[in-house]
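Engineer: Got a structure here, written out as structure tokens. Questions coming.
In the working numbering, the protein residues as written are -14 to 846.
Here it is, written out as structure tokens:
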């Protein structure tokens, strides 16, 4: 009997407060298209993707109670669970209420439930699990044969012996009667659990190995062989003598009822409640100050990375990502710890601040606004991007023993562990002690102990870098972040499979505005100060402005970064600024305008002297011609280190070289001269590498992108093909850091904006209002789709119809002509006959899908 109608009736009977609590615990149903009526709401809540997300928030007690509900036969009440698990009734009641509040189970009247197995004799409501959960948790045990099936296949004397061992007299009974009696004796889980508890320790260990072996898909023969090598055959013979295993065709077999009883025995008295994690005594002012310092340092580090990418694109590997050597170079140049750099690369790419185009990794279209934003709005998208990351950026796991370079995505459960850790540590609990007990708060992570410990250490380190955690507690910034992530919940984790990259970055940008405003008091804006010193250094306290960073990068070399960054002016750095097209007057004017004090005379002399010498030697491409006054050309001819250029005098003021102009320029500069390049007409060539349209606005930059290179904000309809992640296990087809112009291979997509959401209160109002009027009749398109696919429920058909009408996105489970099933996100272009023409995000190409072969549909989120 399907569970959805009964569950829908239960939902319809909830009050506004209770229904709102369920919707708040399951925020994925708040995304449009919204459920129309309680039938569709029940269908959405029982959807596999929605349940997958809900299970990530189950603690160990809730998981054990849920599995027990799935394994026990017939209707189950709170008293039944308390008796079987040997725990106080109030403890079970609290856990069951939690399952009700999450919409994973519901109370059914005892009389109604009695139709499926006798009902509750006390009149207490029966606990009903959602059908998919019941099937999922009981599935491993359904692979074990029941007592009836095993006894029917066994020899009559073996069944008779088992019945006698279970305490009944089998004298005079024929085999059908023996089979019925054997099954009845094992049908009472309390009685069988008591028998299991009386077994010798080796026999109990063997039972545990057998039912856990089934959960791991190991045949009994393999498990028995391993156990016999460790403990001999005595344990198995003890189980057979006790009537708990039955010889069938020469092999001892375990009845399903005994496996369930063994599970119950193993989990008796194991409902512990949440671990008692202490709350450290901390100074709130100290916590706030430390968090502010960490957050400001994070913004400074990211600013330095993006400013560097704006000036010179960061080279990308052929398969995507930034390689190890390039990361080491960047870390040295930016004065950042090499271990922390992958964190900033991943977060900027996820937030859309760093993208991959034909030249490499460059700032994305969001960068310009971000660069001018106050500190709180600069920090917010980084924190949100970290929260939704699927992996731990500072602890990237290996994929097939090959390092996946950031910012390529990695399929990982580290993000789920991160969310569990932050939720569990809320309220002032010790973060590190919470991490030590994370297996209670999130028992489904699947990590071995050593790797889980490593992931937790990486997560805490990242949280400290961002100021989310400080002195072993969540800071005010961390608490604010935790309360601001509800709108992103459906874009991360299991429910966020195959999200559009642009939808994710758009959602982060929107959520960051609200989060930044809430953190404005915690991260106040401060004016950076620039102090120019007579030793030709510049000290910048606070994050430099975009204009300040542009001038310093053009004229000086970074020596250190941090709360106060240090830059040094050298003849080479000033010469590089003049090479880029600045003049001495422009540089001096900019520095005077930005500095807090007067310009040191030493710096004035340096710029003036370099400008006086700059351009005395000019290089013209013949291959190559060197022009200068006669004394200078004579000096060049007689400079020994320039002999490799094979200089020859063409005229008193003209020399030639067989080397190309770039080589001549390098060698002349290395010899201490200050040449400039000229074109064939004698005009000075100003390099364009430092004049990128995606970076900070420069003083003399021309409008538009450099010739021959597409702007990073070009229309998707005129872009090149998408870059492949080549080996990444990430589930997104557009990796973080992919340029919007490249994502999707040149086809416009309908879901590049964040999905529209409503609040739980708004959906409750709509549901309660529509409840009296009834669900609107299905549209003609819904009826047509229902005629083409009788497998989809009403909610799924409505989702598909709305996607066809709006040319929107949905996630489908699809079975092809060979019977292979895949989960795909598709953007529907049109429907013709019994086919859908759509853009497949899994294959990154156009595909046609038979409507009849669609197995399930869920929102794209």
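All residues carry an ideal CB built from backbone N, CA and C; glycine is no exception.
Among 783, 643, 378 and 460, which one has its Cα closest to the Cα of residue 324?
Structural biologist: It is 378 whose Cα lies nearest to the Cα of residue 324.
Engineer: Drop a sphere of 10 angstroms on the beta-carbon of residue 286, count the other beta-carbons inside from all chains shown, and report buried for 16 or more, exposed for fewer.
Structural biologist: Residue 286 is buried by the Cβ-count criterion.
Engineer: When the Cα of residue 116 is compared with those of 66, 32, 468 and 489, which residue comes out closest?
Structural biologist: Nearest option by C-alpha distance: 32.
Engineer: What residue range does the alpha helix (DSSP H) around residue 816 cover?
Structural biologist: Element bounds for residue 816: not the alpha helix (DSSP H) but the beta strand (DSSP E), 806 to 817.
Engineer: Measure the beta-carbon distance from residue 174 to residue 72 and round it to whole angstroms, keeping in mind my assumption that it falls under 8 Å.
Structural biologist: In fact, because the Cβ distance is near 15 Å, the residues do not count as touching under 8 Å.
Engineer: Below 8 Å CB to CB, which residues in the same chain sit around residue 309 once its five sequence neighbours on both sides are set aside?
Structural biologist: Answer for residue 309: 388 and 390, listed in chain order.
Engineer: DSSP state of residue 268, grouped into three classes?
Structural biologist: Note: residue 268 maps to coil in three-state DSSP.
Engineer: Span of the beta strand (DSSP E) holding residue 794?
Structural biologist: Per DSSP, residue 794 belongs to the beta strand (DSSP E) from 794 to 800.
Engineer: Please tell me whether residue 839 and residue 784 are closer than 8 Å, where the distance is taken between their beta carbons.
Structural biologist: Against a cut-off of 8 Å, the Cβ pair of residue 784 and residue 839 comes out as no contact.
Engineer: Identify the continuous beta strand (DSSP E) that holds residue 347 and give its terminal residues.
Structural biologist: 345 to 348 is the span of the beta strand (DSSP E), which, as asked, contains residue 347.
Engineer: Is the Cβ of residue 72 closer than 8 Å to any Cβ of chain B?
Structural biologist: Structure shown: chain B not included; a single protein chain is present.
Engineer: On the DSSP bridge list, what partners appear for residue 837?
Structural biologist: Residue 837 pairs with nothing; no bridge assigned.
Engineer: Is it buried or exposed, residue 777, if we count other Cβ atoms within 10 angstroms and call 16 or more buried?
Structural biologist: By the neighbour-count rule (16 or more Cβ atoms within 10 Å), residue 777 is buried.
Engineer: Alpha carbon to alpha carbon, what distance is there between residue 248 and residue 178?
Structural biologist: Between residue 178 and residue 248, the C-alpha separation is close to 9 Å.
Engineer: Going by Cα to Cα distance, which pick from 360, 15, 392 and 156 is closest to residue 306?
Structural biologist: The candidate whose alpha carbon is nearest that of residue 306 is 392.
Engineer: Tell me the residue span of the beta strand (DSSP E) that contains residue 376.
Structural biologist: No beta strand (DSSP E) holds residue 376; DSSP gives it neither H nor E.
Engineer: How big is the Cα-Cα spacing for residue 781 and residue 820?
Structural biologist: Their Cα atoms are separated by approximately 17 Å.
Engineer: Taking 8 Å as the threshold (C-beta atoms), are residue 8 and residue 745 in contact?
Structural biologist: Cβ atoms of residue 745 and residue 8: closer than 8 Å.
Engineer: Candidates 574, 223 and 667: which alpha carbon is nearest residue 191's?
Structural biologist: Among 574, 223 and 667, the Cα nearest to that of residue 191 is on 223.
Engineer: Can you check DSSP and say which residues form a bridge with residue 550?
Structural biologist: DSSP lists 525 as partners of residue 550.
Engineer: If you run the structure through DSSP and keep just helix, strand and coil, what is residue 238?
Structural biologist: Three-state DSSP puts residue 238 in a strand.
Engineer: Would DSSP call residue 615 helix, strand or coil?
Structural biologist: Helix.
Engineer: According to DSSP, is residue 9 part of a helix, a strand, or is it coil?
Structural biologist: Helix at residue 9.
Engineer: From residue 410 to residue 496, what distance separates their C-alpha atoms?
Structural biologist: Roughly 23 Å separates the two Cα atoms.
Engineer: Is DSSP giving residue 642 helix, strand or coil here?
Structural biologist: Note: residue 642 maps to coil in three-state DSSP.
Engineer: Let me check understanding here. Comparing Cα to Cα, which of 131, 47, 670 and 569 lies closest to residue 257?
Structural biologist: Per the Cα distances, 47.
Engineer: Taking only runs that begin and end inside the region 160 to 187, name each unbroken alpha helix (DSSP H) of 4 or more residues, in chain order.
Structural biologist: Listed in chain order, they are 160 to 171 and 174 to 182.
Engineer: How long is the line joining the alpha carbons of residue 68 and residue 413, rounded to whole angstroms?
Structural biologist: Using only the alpha carbons, I get a separation of about 35 Å.
Engineer: Evaluate residue 807 with the Cβ neighbour count: other Cβ atoms within 10 Å of its Cβ, from every protein chain shown; 16 or more gives buried, anything less gives exposed.
Structural biologist: So residue 807 counts as exposed.
Engineer: Take residue 627 and list the residues in its own chain whose beta-carbon comes closer than 8 Å to its own, dropping the five residues that flank it on each side.
Structural biologist: For residue 627, where only same-chain residues beyond five positions count, the Cβ hits under 8 Å are 621, 652, 653 and 656.
Engineer: Residue 756 to residue 789, Cα distance in whole Å?
Structural biologist: Here residue 756 scores only 47 on pLDDT, less than 50, and its place in the model is too uncertain to base an answer on.
Engineer: Spell out the partners DSSP gives residue 825 in its beta bridges.
Structural biologist: Residue 825 is bridged to 811 and 830.
Engineer: Would you call the region 150 to 169 and the region 224 to 233 in contact, with 3 or more CB pairs under 8 Å?
Structural biologist: In short, these stretches touch, since the Cβ pair count reaches three.
Engineer: So if DSSP puts residue 543 in a beta bridge, which residue, or which two residues, is it bridged to?
Structural biologist: Residue 543 pairs with 552.
Engineer: From residue 594 to residue 317, what distance separates their C-alpha atoms?
Structural biologist: Using only the alpha carbons, I get a separation of about 30 Å.
Engineer: Note down the Cα distance separating residue 406 from residue 427, rounded to an integer number of angstroms.
Structural biologist: Between residue 406 and residue 427, the C-alpha separation is close to 9 Å.
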